[in-house]
Structures are given as C-alpha cells and as structure tokens.
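Note that our numbering has the sequence shown beginning at 223, numbered continuously upward. Note that beta-carbon positions come from the ideal geometry of N, C-alpha and C, so glycine has one too. The block underneath contains the structure these notes are about, expressed in structure tokens.
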Amino acid sequence: MTFEEILHAYRSVYYSFPQPLKTFLGSLYGSIPLEIRFGRQFGIHKKLLEKFENGDEQYKQDYIYNKILETLIFAETYIPYYQKKFKEHGVSSRDFKALEDIGKFPTISKLEMKEHLDELYTDVRYKPVAHYTGGSLTTPTKFYLAANSRAKEKVYNNYIFTKIGYKYRTPTLLLKGREISVPEKDIYWEYEPIDNYFLLSNNYLNSEKFPLMYEKAKAFGPKFIFGYPSAVLSFIKMSRRFGLEPLPNIEGIILASETCYPDEVEIIKEFFPKAKVLSLYGNSERDVIGYRVSDHYNLLGSYAAMRVVDGEIVTTSFDNFVMPFINRRSGDYATGEVTTYGSSDIAKTVGNIEGRTKDFLVSEDNRLVSITTMCGGQHLPLMDIDAIQYIQEEPGVVTVLVEDPDHRVDVVKVKEGMHKLVRDGIDFKVKVVDKIDKTYRGKRIICKQFLDVEKIRAQKERQESA
C-alpha cells in the first residue's frame with residue numbers, strides 16, 4: 223500500500239487530532255511530493271495524460287480504442303455479469319474493431335448495478351474497496367474500485383485545475399466535504415494542511431455566524447475557492463447581506479459535485495469579476511471527467527470514454543480492474559453541440575451538462591421539465607432565496623420548499639415565476655421553511671423526485687416513435 227492509501231484508510235483518526243498536531247503532521251506530509259505519496263500509479267497516469275494531451279488526432283483515437291478494448295477483454299474474462307450480457311447480445315471483444323463499435327455493446331443501468339453487484343466485480347488483480355454514490359434520494363448505489371484509483375483522480379484534478387492557474391497547495395478556501403463545525407466551542411472552520419485548504423462549515427454558511435466565518439477565511443488569504451455551487455452562492459449571498467466585500471486576491475473558483483446552472487455562474491462572476499470560474503464534471507464511479515471554463519465542457523479522452531446517447535451520458539471506464547463499467551447509463555444529460563473523435567460518437571466536448579434524471583419534474587401529461595428551466599433568474603428572486611428544493615410524488619404536483627428564515631421572500635411572486643416558466647401542467651405548492659437539509663457532506667438536494675422518470679421517459683419515446 224502507498225502512503226496515501228494508508229492515510230486515507232485512517233483519515234478519521236487524523237481528523238480527530240487537535241488542530242496543532244494536525245497542522246504539524248499534515249504540513250509535513252503535504253510537503254512530500256505527490257509521486258511519493260501516491261506511489262507508482264501517480265507517475266504512470268501523469269505521463270499518459272501529458273502524452274495524450276500533446277498527441278495528434280490519430281494518436282488520441284488509437285489510445286481510446288486500445289483502452290476500450292482492454293476494458294472489454296478484462297470484463298469478458300473476469301466479470302460474470304458482462305459475460306452473460308455479451309452472450310445475450312451476441313457480441314464479444316473480438317467485435318470491437320473501431321471506436322464506433324462500442325455502440326454494439328449493451329448498456330448497464332444503476333438498477334442492474336444494484337441487483338447484480340456480486341457478479342460485477344473481481345479481486346483477481348486488486349483488492350476491491352467499496353464506494354457509494356451520493357444517494358440523495360434513495361438508497362446509495364454501492365460499487366467497487368481499487369484503492370490506487372485515487373492516484374489517477376489526483377493527477378486529473380490537478381491537471382484540470384491548472385486551466386485557471388491553480389498550482390497544488392495554493393491557499394484555497396474549501397466550501398465542500400465533511401462537516402467540521404464545533405458549535406459548543408463557537409468553531410465553524412478548520413485548516414487542512416495537507417492540501418492547504420481552509421474549510422468553512424456548509425451547515426452554518428446561512429447563519430448569523432457568517433461574519434465570523436468570513437473574517438477567518440479572509441485572514442487565511444485564499445487565492446482560490448473550491449466548493450459546491452450552492453455553497454459558493456451562499457457565501458456570496460451572505461457577504462452581500464452583511465455588507466462584506468468579496469474576498470481579496472481570489473484568482474479562480476472551482477465548482478464541483480453539483481449541477482451548476484448558467485444563471486448561477488453569472489452571479490459568481492459578477493461578485494468575483496477578476497476570478498476565472500471552472501466547472502468540474504466527474505462522478506463517484508470515476509468513469510468520466512471534464513471541465514468547463516468557457517462555453518462548453520471539455521472531456522478528457524485519456525481518462526474514460528463518454529458518449530451521448532439520446533441525450534444521456536453513457537460512459538466506459540479505463541484502468542478499473544476491479545469493477546469495470548461498459549456503456550454505463552449515468553443518468554446525467556448533455557445538451558448543445560457535441561464534437562466527437564473521428565466517425566465515432568465518443569465525445570470530445572459537449573455544450574452543457576444539465577444534471578441527473580432526478581433533476582426533472584413531471585407534468586400532468588407526463589412531460590419532463592428540466593430543473594435547469596426552473597433556475598431562470600429573470601423570473602425567480604434567486605438572490606433573496608438561501609436555498610430551494612422541489613419534491614414530487616405524483617405527476618403534475620410539486621411541493622417547493624423555499625429556505626427563508628428571515629421571511630423576506632414573496633411567495634406569490636415565486637409561484638408566479640414558476641408557472642410562467644413551465645406554462646402549465648404543474649401545480650406548484652410553495653412552502654417557506656427555516657432550513658432545508660443537505661446531505662451529510664453538505665451537498666444540496668435540489669430535487670427529491672420519487673417518480674420513475676426513466677420509465678416515464680421510455681414510455682414517451684415509445685409513443686413518439688409509434
């Protein structure tokens with residue numbers, strides 16, 4: 223095991239140390255080069271990434287082809303469920319002769335992953351480590367990765383962050399991750415010396431403690447902000463509410479782990495006009511990664527293969543020799559122009575990523591309405607709302623929770639704005655609450671969708687094609 227694998231396994235012990243001891247040990251560990259901390263895999267993936275990014279078009283297509291073929295052969299040899307699926311569909315790795323042939327292979331859904339988990343992973347090469355998706359709506363989906371997969375993830379994240387000038391261990395304000403507040407001691411922040419992050423509690427950003435948290439963050443002197451879009455927006459809203467200036471010297475803002483809507487990006491840019499804003503796209507399964515700095519998302523082809531099939535993002539993993547994913551239906555949807563490698567449908571860029579299947583509302587006549595539509599700042603007083611959540615249990619009826627502890631929001635205008643956006647087919651029932659719960663890691667749950675959106679979408683497609 224590498225140093226990083228050992229530390230990650232015992233991170234809860236490290237987190238429990240007093241801050242002075244954690245600062246001493248973390249700073250010492252953070253000064254060790256990443257190639258040593260993460261081991262041999264870090265150097266391998268760094269070289270592969272650099273060679274791919276500097277390669278010509280033919281090299282990139284050949285690289286992706288060989289990686290997909292490697293994944294197909296491994297799955298066909300060691301993974302019982304893929305052996306069965308391939309046989310049912312009459313395909314084998316021998317049928318993969320060009321990039322476009324990946325479309326011949328069957329897809330796999332999250333439901334299949336849950337129902338056939340024991341047939342989808344192996345320990346022939348590495349010890350499987352259990353991971354879980356966020357599970358903001360239902361039971362989290364369990365899957366397996368090798369412990370050394372974190373090395374590859376670190377390589378790619380660091381590379382992507384350089385697109386806005388970030389260098390590893392540059393002082394960064396972190397607005398995501400585990401909860402670190404100690405209310406009984408009036409502490410709502412924590413310094414993490416390994417990556418040189420200063421964390422603020424997401425659960426207290428929208429509280430009267432914010433000015434104190436702001437001053438602690440300002441004293442730290444961050445040059446970058448890395449967080450959930452909802453947390454960054456909360457930071458901006460509370461700064462304005464208390465008349466506080468934007469943090470000085472912020473060069474860039476990295477948004478991750480939540481869907482980020484265009485209006486939200488504009489709010490962030492307006493508040494931090496000198497900062498570059500980067501939206502990171504990835505997932506827990508580590509079978510897709512990309513980023514957006516301008517008007518589209520760039521997908522890194524050396525990391526994994528991503529396709530857009532009927533609007534949905536479908537992924538095939540590379541280097542996962544525990545539980546490979548082949549044509550995994552992600553539940554995320556892409557819109558806008560898609561550019562691809564050669565004559566295949568493997569994506570280089572996509573215009574926008576709208577979010578997961580659960581981020582759709584269902585009208586009375588079974589139309590699907592993207593939450594992106596509901597985030598039009600021209601109709602909703604977004605800057606007066608700390609948080610919003612949509613809950614749907616039956617078609618055509620949506621309960622909207624508006625977080626407004628100070629009772630400043632005009633509920634009638636919010637409801638009128640929503641009806642103006644959707645036109646008809648959904649009865650919005652707006653309720654004002656003091657607080658909307660987040661996940662245990664502080665992520666917002668913008669939509670609690672209890673309807674089977676995938677089933678409804680499939681029914682609509684069948685009706686339209688009939």
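Length of the line joining the Cα atoms of residue i and residue j
{"i": "Tyr426", "j": "Val487", "result": "22 angstroms"}
{"i": "Asn505", "j": "Gly533", "result": "18 angstroms"}
{"i": "Met460", "j": "Ser565", "result": "49 angstroms"}
{"i": "Pro468", "j": "Phe264", "result": "36 angstroms"}
{"i": "Tyr366", "j": "Asp340", "result": "10 angstroms"}
{"i": "Glu188", "j": "Val631", "result": "The question about residue 188 has no answer, for the chain in this structure spans 223 to 688."}
{"i": "Gly252", "j": "Ile228", "result": "14 angstroms"}
{"i": "Ala297", "j": "Gln305", "result": "7 angstroms"}
{"i": "Val636", "j": "Asp649", "result": "13 angstroms"}
{"i": "Asp517", "j": "Pro484", "result": "10 angstroms"}
{"i": "Asp509", "j": "Glu322", "result": "18 angstroms"}
{"i": "Val622", "j": "Val655", "result": "10 angstroms"}
{"i": "Arg550", "j": "Gln671", "result": "21 angstroms"}
{"i": "Pro451", "j": "Leu397", "result": "9 angstroms"}
{"i": "Ser358", "j": "Gly618", "result": "Here Ser358 scores only 39 on pLDDT, less than 50, and its place in the model should not be relied on; the value that follows carries that caveat. Approximately 22 angstroms between the Cα atoms of the pair."}
{"i": "Leu271", "j": "Glu257", "result": "15 angstroms"}
{"i": "Arg514", "j": "Leu500", "result": "6 angstroms"}
{"i": "Phe260", "j": "Phe225", "result": "7 angstroms"}
{"i": "Leu602", "j": "Ser249", "result": "In this prediction, Leu602 scores a pLDDT of 47, lower than 50, which makes its location untrustworthy; the coordinate-derived value is nonetheless stated afterwards. Approximately 45 angstroms between the Cα atoms of the pair."}
{"i": "Thr355", "j": "Thr344", "result": "19 angstroms"}
{"i": "Pro415", "j": "Phe448", "result": "15 angstroms"}
{"i": "Phe274", "j": "Ala569", "result": "15 angstroms"}
{"i": "Pro716", "j": "Glu430", "result": "Because the chain here runs from 223 to 688, residue 716 falls outside it and cannot be looked at."}
{"i": "Phe494", "j": "Arg462", "result": "12 angstroms"}
{"i": "Asn418", "j": "Tyr390", "result": "9 angstroms"}
{"i": "Asp541", "j": "Lys282", "result": "16 angstroms"}
{"i": "Gly598", "j": "Lys642", "result": "Note that Gly598 scores a pLDDT of 42, beneath 50, so its modelled location is shaky; the value from the coordinates is reported in the next line. C-alpha separation (whole angstroms): 10 angstroms."}
{"i": "Ala439", "j": "Tyr413", "result": "10 angstroms"}
{"i": "Glu638", "j": "Lys651", "result": "11 angstroms"}
{"i": "Lys326", "j": "Arg589", "result": "30 angstroms"}
First through last residue of the alpha helix (DSSP H) which encompasses residue i
{"i": "Ser539", "result": "Ser539 -> not in any alpha helix (DSSP H); beta strand (DSSP E) instead, spanning Glu534 to Ser539."}
{"i": "Asp408", "result": "Counting along the chain, Asp408 falls outside any alpha helix (DSSP H), and DSSP gives it neither H nor E."}
{"i": "Met435", "result": "Phe432 to Phe442"}
{"i": "Tyr354", "result": "That residue, Tyr354, is in no alpha helix (DSSP H); its beta strand (DSSP E) goes Pro350 to Tyr354."}
{"i": "Val515", "result": "It is not in any alpha helix (DSSP H) - Val515 carries neither H nor E in the DSSP assignment."}
{"i": "Asp485", "result": "Pro484 to Phe493"}
{"i": "Asn380", "result": "Ser371 to Phe383"}
{"i": "Val530", "result": "Per DSSP, Val530 belongs to no alpha helix (DSSP H); it is in the beta strand (DSSP E), Ala526 to Val531."}
{"i": "Leu247", "result": "Gln241 to Gly252"}
{"i": "Glu559", "result": "Careful: Glu559 lies outside any alpha helix (DSSP H), inside the beta strand (DSSP E) at Arg550 to Thr562."}
{"i": "Leu466", "result": "Neither: Leu466 is in no alpha helix (DSSP H) and is coded neither H nor E."}
The beta strand (DSSP E) enclosing residue i, as first and last residue numbers
{"i": "Met223", "result": "Looking at the DSSP string, Met223 is not in any beta strand (DSSP E), and its letter there is neither H nor E."}
{"i": "Thr394", "result": "Thr394 to Leu397"}
{"i": "Ala320", "result": "Careful: Ala320 lies outside any beta strand (DSSP E) and carries neither H nor E."}
{"i": "Val655", "result": "Asp649 to Val655"}
{"i": "Thr299", "result": "Per DSSP, Thr299 belongs to no beta strand (DSSP E); it is in the alpha helix (DSSP H), Glu279 to Tyr300."}
{"i": "Ser501", "result": "Lys498 to Gly504"}
{"i": "Phe692", "result": "Nothing in the structure corresponds to residue 692, since the chain is present only between 223 and 688."}
{"i": "Asn520", "result": "Tyr519 to Leu521"}
Buried or exposed (CB count within 10 angstroms, at least 16 for buried), residue i
{"i": "Gly465", "result": "exposed"}
{"i": "Met435", "result": "buried"}
{"i": "Met640", "result": "buried"}
{"i": "Ala441", "result": "exposed"}
{"i": "His267", "result": "buried"}
{"i": "Lys307", "result": "buried"}
{"i": "Gln681", "result": "exposed"}
{"i": "Gln280", "result": "exposed"}
{"i": "Thr360", "result": "Residue confidence is low: Thr360 scores 42 on pLDDT, short of 50, so the model does not pin down where it sits. Its coordinate-derived value is still stated next. Burial call: exposed."}
{"i": "Gln614", "result": "buried"}
{"i": "Met223", "result": "exposed"}
{"i": "Thr299", "result": "exposed"}
{"i": "Gly234", "result": "Note that residue 234 is Ser in the sequence shown, not Gly. By the 10 Å Cβ count, Ser234 comes out exposed."}
{"i": "Gly312", "result": "exposed"}
{"i": "Asn276", "result": "exposed"}
{"i": "Ile511", "result": "buried"}
{"i": "Val620", "result": "buried"}
{"i": "Leu502", "result": "buried"}
Contact belief for residue i with residue j at Cβ below 8 angstroms, rounded distance in angstroms
{"i": "Gly647", "j": "Asp587", "result": "6 angstroms"}
{"i": "Lys445", "j": "Thr392", "result": "5 angstroms"}
{"i": "Ile678", "j": "Val584", "result": "6 angstroms"}
{"i": "Gly523", "j": "Tyr555", "result": "That pair is no contact at about 20 angstroms."}
{"i": "Thr329", "j": "Val536", "result": "6 angstroms"}
{"i": "Ser213", "j": "Ile402", "result": "No statement about residue 213 is possible, as the shown extent of the chain runs from 223 to 688 and does not include it."}
{"i": "Tyr378", "j": "Tyr525", "result": "6 angstroms"}
{"i": "Asn206", "j": "Gly558", "result": "Nothing about residue 206 can be reported from this structure: the residues present for the chain run from 223 to 688 only."}
Residue i - partner residues in DSSP beta bridges
{"i": "Gly449", "result": "Leu397 and Leu477"}
{"i": "Gln611", "result": "Leu623"}
{"i": "Thr571", "result": "Asn520 and Thr561"}
C-beta neighbour in chain D for residue i, strict 8 angstroms
{"i": "Gly553", "result": "Here chain D cannot be found, since the structure has a single protein chain."}
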